[in-house]
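A.B. asks: Once you've had a glance at the structure underneath, I'll fire off some questions.
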Amino acid sequence: EVQDYLKTLCPDLQITRGEYDEDTRYPDTKTLTIG
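The sequence shown runs 284 to 318 under my numbering.
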């Protein structure tokens, strides 16, 4: 899968689900704290 390949490039990759994604492994939103 594309996600598995991207995680080999960047292990800290954060993925969220899009409007048309059927894969439920990923959340709808992700909140990041900066600073």
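Note that beta-carbon positions come from the ideal geometry of N, C-alpha and C, so glycine has one too.
Locate the alpha helix (DSSP H) running through K290, then write down its first and last residues.
C.D. replies: Your numbering for residue 290 matches position 7 in the sequence shown. Taken as a continuous stretch (DSSP letters only), the alpha helix (DSSP H) holding K290 covers V285 to L292.
A.B. asks: Excluding the 5 residues flanking L289 on each side, which residues of the same chain have their C-beta closer than 7 Å to its C-beta?
C.D. replies: Walking along the sequence shown from the start, residue 289 turns up at place 6. Around L289: L296.
A.B. asks: Below 8 Å on the Cβ atoms is my contact criterion, and I expect T312 with T299 to pass it. Report the Cβ-Cβ distance as a whole number of Å.
C.D. replies: Within the sequence shown, the letter at position 29 stands for residue 312. Within the sequence shown, the letter at position 16 stands for residue 299. T312 to T299, Cβ: 6 Å. Contact.
A.B. asks: Do you know how far the Cα of T314 is from the Cα of E305?
C.D. replies: Counting from 1 along the sequence shown, the entry for residue 305 is found at position 22. Counting from 1 along the sequence shown, the entry for residue 314 is found at position 31. Using only the alpha carbons, I get a separation of about 21 Å.
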